[in-house]
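Right, one structure below, let's go through it.
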Amino acid sequence: MSTHHVKVTVNGAVKEADVEARTLLVHFLRETLGMTGTHIGCDTTSCGACAILLNGRAAKSCTVLAVQADGGEVMTVEGLAQNGKLHPIQEGFMEKHGLQCGFCTPGMMLSAVALLKQNPNPTEDEIRWGLSGNLCRCTGYMNIVKAVQYAAEKMKTQ
Amino acid sequence: MAEVHGLGYSMKRKEDPRFIRGKGNYIDDFKLPGMLHLDIVRTPYAHAKIKKINAEKAMAIPGVLAVITGETLKQYNVHNMPTLMSDTQMVLPLDTVKYQYQEVAAVLATDRYKAADGVAAVEVEYDPLPVVIDPKKALEPGAPRVRDDKPSNHIWHWEWGDRSAADQAFAEAEVTVKQDIYIPRIHVSSIETCGCVAKWDSVEGHLTLWMTTQAPHAIRTVVALITGHLGLSEEKIRVISPDIGGGFGGKVPAYPGYVIAVAASIVTGAPVKWIENRTENLAADSFGRDYHITAELAGKKDGTLTALRVKTIADHGYTDAAANPSKFPAGLFHICTGSYDFKSAFVEVDGAYTNKPPGGIAYRCSFRVTEAVHTIERMADVMAHQLGMDPAEFRMKNFIRPEQFPYKSALGWEYDSGNYAAALRKAMDMIGYEALRKEQAEKRARGELMGIGLSSFTEIVGAGPSHTFDILGLKMFDSCEIRVHPTGKAIARFGTKSQGQGHETTYAQIIAEELGIPAEHIKVEEGDTDTAPYGLGTYASRSTPVAGAAAAIASRKIRDKARKIAAHLLEAAEEDLVWETGRFYVKGSPDKGKTIQEIAFAAYTNHPQGMEAGLEAVNYYDPPNLTYPFGSYICVVDIDRGTGQVKVRRFVAVDDCGVRINPMIVEGQIHGGLTMGFAPAMMEEIQYDENGNIYGATFMDYLLPTAVETPKWELGETVTPSPHHPIGAKGVGESATVGAPAAIANAVVDALWHLGVRHIDIPITPPKVWALLKQHGAVLEE
């Protein structure tokens with residue numbers, strides 16, 4: 001197995017490591033960098049628990065090799081809050097009870113951030129479609145939709 | 159001063175700040191120095207002799223340290239383990255595998271990639287054996303035998319009720335209906351799979367086991383019982399259940415992977431991590447349901463129900479690893495008389511072995527309540543339609559009336575409280591029932607298919623009273639220990655374990671209500687057997703009914719002591735003190751009082767002579783009865799005659815779970831529960847082909863609802879407090895999952911009854927509906 005040197009900007013900080021070619025980005029984040037906020041829920045790119053932003057777009061990090069992210073920029077849940085201030089999507093999830101067990105939450109929030117970047121004023125149906133790559137088993141999605149609406153509203157005034 | 163935020167306040171959750179920052183501590187987040195990784199070799203055959211396991215190539219991979227087989231474990235006599243129903247489950251097989259994806263061997267390696275390499279390199283030779291998948295066939299003479307150590311595939315027969323009274327009622331009935339109902343095998347699929355980290359300290363002879371368990375104390379006892387002969391006694395075992403990424407019952411049992419990880423850590427002296435992948439989770443962990451039911455109702459022409467008979471075959475896979483109270487092999491299935499006043503009832507269940515994974519536990523409802531509710535609520539509609547009665551009118555006619563509570567059911571349960579008609583009326587008003595029936599009639603005249611389905615369920619949760627309920631002999635009490643610190647803040651520990659239900663918040667609110675200490679000043683801890691009091695854990699909606707009650711009772715013990723201290727401080731007689739939230743004052747002198755914080759400080763600095771210092775209490779709560787939440791759900795569906803697609807247009811859910819501690823959390827539980835009712839009603843099923851190959855071992859085949867499919871729920875409530883629970887609360891977590899499927903199935907059959915359709919088994923998929931439309935000549939051909 002060949003090893004490769006990768007250099008990825010994660011939440012604004014440059015991170016470098018030697019990884020096997022087969023190393024998944026999610027394992028690079030969780031195990032090499034110790035950033036365990038990004039979760040793993042399936043092996044088939046179905047659940048979205050591992051969703052992150054890769055070069056500004058939502059990506060499922062279980063289906064990206066670390067070497068593919070070389071030279072790129074990654075944002076994870078750990079990068080949402082800035083200078084101790086929560087991101088509006090984090091506030092929204094807390095205010096609207098958009099999480100229960102919390103396991104899908106990081107991926108859900110990152111997908112929502114990507115959605116709001118593309119579409120700052122989504123309708124309810126657009127939110128539901130925008131999050132259709134992320135599974136939640138606890139909440140029934142109702143309050144997740146409200147959390148995204150909260151964030152959309154808040155981001156307009158910022 | 160912070161607000162108290164007791165009962166009825168929608169407090170924001172105390173657990174959220176860590177979760178929204180990605181700072182939860184889930185099992186796979188643990189990383190210990192020198193930690194090894196375990197991965198498991200699984201069989202592609204559903205039934206086979208193992209001829210040979212060749213580990214040579216695997217062992218040649220750098221980083222692979224060991225290949226563990228049943229023979230390895232046999233040296234320590236841990237190759238088998240008891241199930242929660244006292245059956246036997248293989249940890250690793252000696253010579254035979256019994257279902258596809260069963261554990262065959264385990265590979266220990268320095269990282270998870272190398273462990274997976276090792277699994278791929280282990281060569282196993284099998285000799286396939288005949289397979290039986292259908293439990294009905296399994297019970298026929300001459301069927302392939304699943305278990306060599308059992309005389310047949312018949313596990314047990316269980317019956318309840320008065321057979322002769324029911325038979326007589328059927329003989330005398332003016333009307334009877336009969337229906338076969340299959341409730342298929344499904345899987346909880348919490349987004350976090352199962353796993354553990356086992357750490358053996360060979361110097362201290364001590365095991366720490368971090369694991370995804372809903373019942374850490376019971377697991378510790380089970381581990382001690384399994385490994386006691388190796389000297390691993392209970393005080394040397396610490397089970398820690400960290401943050402759990404969803405449980406729903408799937409994290410109650412002990413799975414082989416946990417045991418192998420423990421054994422591997424003991425043998426190597428290194429910490430060992432085992433994390434399931436999704437396929438292992440779906441294909442090998444405990445399933446829910448798989449009940450083949452035949453139900454019959456007897457009644458009068460005016461619609462009065464008289465008797466119920468139910469006969470069921472329960473598919474348990476290759477071993478009975480259900481998590482039921484030990485007296486009840488079919489759980490609480492005998493709640494199947496539901497919300498109706500039956501004079502007689504009889505229910506019987508036969509358990510069968512098949513070449514499928516073991517289980518029969520839960521899917522957000524253990525103890526078979528969903529199976530019971532689905533049966534009675536489907537049958538209520540069958541009978542109503544048969545009689546030409548409106549299903550709502552039929553239910554209203556047969557409900558147990560409010561004045562009949564406490565109500566003794568024909569199958570022996572004592573329902574604590576209920577007002578079923580009020581909940582149904584409220585749901586009908588919310589949805590505009592009469593107008594919908596009118597719309598339906600108009601649409602039917604135009605050839606459009608619209609259906610309205612009802613489900614007026616009765617739940618039974620909060621197991622349970624010690625005279626009736628135990629698991630492996632452990633009585634099903636639960637516990638709370640509260641310690642009030644000198645400055646009036648507190649820590650409370652429980653025998654339960656939240657998996658997303660928000661215990662850190664709601665338990666704090668119960669204590670806040672009782673003691674007047676602000677909920678934000680109360681830290682709640684669960685899941686560590688070294689620190690928390692013993693309890694049976696969180697499942698079957700038992701946390702609030704049992705541990706929640708313990709929190710209230712422990713708080714009241716503290717308040718009793720606080721009264722003595724206050725009397726001492728105020729130089730007044732105890733009986734002259736009046737309690738208001740957070741404060742005792744002298745009767746007639748409201749200004750003369752002491753707050754709970756002042757009293758707490760005195761408990762450590764100025765307590766009466768002769769009194770023990772400190773302010774703490776523990777309660778092990780043995781509930782006097784179960785609690786009986788209920789509700790009425792109404793679902794409206796539209797069916798596409800071209801494709802068979804069913805669209806849930808509206809879904810109104812009126813729930814009564816007694817007193818609500820945190821309305822926001824209760825509503826969240828109901829949203830989630832409804833979605834886990836919708837899922838098996840419309841999408842989810844784990845099927846097998848005749849060779850025992852699983853269909854549905856990935857999320858590409860086993861379909862969980864996304865935000866797009868999930869209906870927009872409309873909630874309502876009524877409040878009928880439990881008369882025996884200290885704060886009047888009942889459970890709520892599983893109610894909606896129990897009640898929702900029947901409402902959806904009833905709506906679909908309601909839309910199709912006039913075509914001649916009498917029943918449809920869940921999941922109600924477009925091909926199934928299309929086939930029914932085709933059969934009844936109703937497909938719209940373009």
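Chains as they are written, first to last, in our numbering: chain A, 1 to 158; chain B, 159 to 940.
Idealized CB from N, CA, C, for every residue including glycine.
Exercise. In the structure shown, what three-state DSSP assignment does residue 648 of chain B receive?
Worked result: Three-state result, residue 648 of chain B: strand.
Problem set entry | Rounded straight-line distance, which links the Cα of residue 784 of chain B to that of residue 688 of chain B | Each residue's alpha carbon lies about 29 Å from the other.
Problem set entry | beta strand (DSSP E) segments (min. 3 residues) lying fully within the segment 387 to 452 of chain B | Those beta strand (DSSP E) runs which fall completely within the segment 387 to 452 of chain B and span 3+ residues are 395 to 398, 430 to 433.
For this session: Kindly indicate which residue of B:609, B:297, B:461 has the alpha-carbon position closest to the one of residue 538 of chain B.
Result: Residue B:461 is the option with its Cα nearest to residue 538 of chain B.
For this session: Verify the CB distance criterion: does residue 435 of chain B have a CB-CB separation below 8 Å to chain A?
Result: Yes - at least one Cβ of chain A is within 8 Å of the one on residue 435 of chain B.
Problem set entry | Nearest candidate by alpha-carbon position, reference residue 210 of chain B, set B:262, B:640, B:317, B:192 | Nearest option by C-alpha distance: B:262.
For this session: Return the chain-ordered list of same chain residues with a C-beta closer than 8 Å to the C-beta of residue 803 of chain B, the five sequence neighbours on each side being excluded.
Result: The answer, listed in chain order, is 797, 924, 927.
Exercise. Hey, is residue 402 of chain B's beta-carbon within less than 8 Å of any beta-carbon in chain A?
Worked result: The beta carbon of residue 402 of chain B falls within 8 Å of a beta carbon belonging to chain A, placing the residue at that interface.
Exercise. For the segment 105 to 122 of chain A, which residues have a CB atom closer than 8 Å to at least one CB atom of chain B, in sequence order?
Worked result: Under the 8 Å Cβ criterion, the segment 105 to 122 of chain A contributes 105, 106, 109.
For this session: Reducing DSSP to helix, strand and coil, say where residue 873 of chain B ends up.
Result: Residue state for residue 873 of chain B is assigned as strand, using DSSP reduced to three classes.
Problem set entry | Buried or exposed (CB count within 10 angstroms, at least 16 for buried), residue 880 of chain B | Classification of residue 880 of chain B: buried, given that the 10 Å Cβ count is 16 or more.
Exercise. Alpha carbon to alpha carbon, how far is residue 55 of chain A from residue 10 of chain A?
Worked result: A straight line joining the alpha-carbon of residue 55 of chain A with that of residue 10 of chain A spans about 10 Å.
Exercise. Going by the beta-carbon positions, is the gap between residue 696 of chain B and residue 656 of chain B smaller than 8 Å?
Worked result: Using a Cβ distance threshold of 8 Å, residue 696 of chain B and residue 656 of chain B count as a contacting pair.
Exercise. Quick check: the segment 253 to 269 of chain B against the segment 431 to 445 of chain B, are there 3 or more CB pairs under 8 Å?
Worked result: Enough Cβ pairs lie closer than 8 Å, so yes.
Problem set entry | residue 266 of chain B and residue 512 of chain B closer than 8 Å at C-beta | It is not a contact, given that the beta carbons lie outside the stated cut-off.
Exercise. What does residue 864 of chain B touch in chain A if you count any residue whose Cβ is under 7 Å from its own?
Worked result: For residue 864 of chain B, the neighbours in chain A by C-beta distance under 7 Å run, in chain order, 132, 135.
Problem set entry | residue 81 of chain A at chain B interface by Cβ criterion, 8 Å | For residue 81 of chain A, a Cβ of chain B is located within less than 8 Å of the residue's own Cβ.
Problem set entry | Proximal residues of chain A, C-beta to C-beta of residue 941 of chain B below 7 Å | For chain B, the structure presents residues 159 to 940; residue 941 of chain B sits outside this window and is missing.
Problem set entry | is_contact[residue 49 of chain A, chain B] using C-beta, thresh 8 Å | Nearest CB-CB separation between residue 49 of chain A and chain B: below the 8 Å threshold.
Exercise. According to a CB-to-CB cut-off of less than 8 Å, which residues of the segment 4 to 23 of chain A neighbour chain B?
Worked result: So the close ones are 20, 22, 23.
Exercise. Quick one: does residue 143 of chain A have its CB under 8 Å from some CB of chain B?
Worked result: It does; some Cβ of chain B falls within 8 Å.
Exercise. Interface residues of chain E around residue 43 of chain A at Cβ under 9 Å?
Worked result: Absent here is chain E; the protein component of the structure consists of chains A and B.
For this session: Determine contact between the segment 320 to 339 of chain B and the segment 12 to 30 of chain A, defined as no fewer than three beta-carbon pairs at a distance below 8 Å.
Result: Not touching, per the Cβ criterion.
For this session: Identify the contact partners of residue 630 of chain B in chain A, using a Cβ-Cβ distance below 7 Å as the criterion.
Result: The premise fails here: residue 630 of chain B is roughly 27 Å from chain A at the closest Cβ pair, so nothing lies under 7 Å.
Exercise. Any idea if residue 131 of chain A is buried or exposed, counting beta-carbon neighbours within 10 angstroms, 16 or more meaning buried?
Worked result: Buried, by the Cβ-count rule.
Exercise. How would you list, in chain order, the residues of chain B whose beta-carbon sits under 9 Å from the beta-carbon of residue 76 of chain A?
Worked result: Near residue 76 of chain A (Cβ distances below 9 Å), the residues of chain B are 180.
Problem set entry | Option in B:368, B:617, B:929 with minimal Cα separation from residue 423 of chain B | Here the closest residue by C-alpha is B:368.
For this session: Decide if residue 564 of chain B is buried, meaning its Cβ has at least 16 other Cβ atoms within 10 Å, or exposed.
Result: Result: exposed.
For this session: Provide the residue span of the beta strand (DSSP E) that contains residue 78 of chain A, from first to last.
Result: Where residue 78 of chain A is concerned, there is no enclosing beta strand (DSSP E), given that its DSSP letter is neither H nor E.
For this session: Hey, could you find the ends of the beta strand (DSSP E) residue 613 of chain B is sitting in?
Result: From DSSP, the beta strand (DSSP E) with residue 613 of chain B extends over 607 to 616.
Exercise. When the cut-off is 8 Å and only beta carbons count, does residue 658 of chain B lie next to chain A?
Worked result: Chain A has a Cβ within less than 8 Å of the Cβ of residue 658 of chain B.
For this session: Drop a sphere of 10 angstroms on the beta-carbon of residue 498 of chain B, count the other beta-carbons inside from all chains shown, and report buried for 16 or more, exposed for fewer.
Result: Burial call: buried.
Exercise. Is residue 811 of chain B helix, strand or coil by DSSP?
Worked result: Under the three-state reduction of DSSP output, residue 811 of chain B falls in the strand class.
For this session: Have a look at the DSSP bridge pairing and note the partners of residue 795 of chain B.
Result: Partner(s): B:609, B:806.
For this session: Tell me, please, which residues DSSP counts as bridged to residue 572 of chain B.
Result: Secondary-structure assignment with DSSP links residue 572 of chain B through a beta bridge to B:566.
Problem set entry | CB contact below 8 Å: residue 823 of chain B versus chain A | It does; some Cβ of chain A falls within 8 Å.
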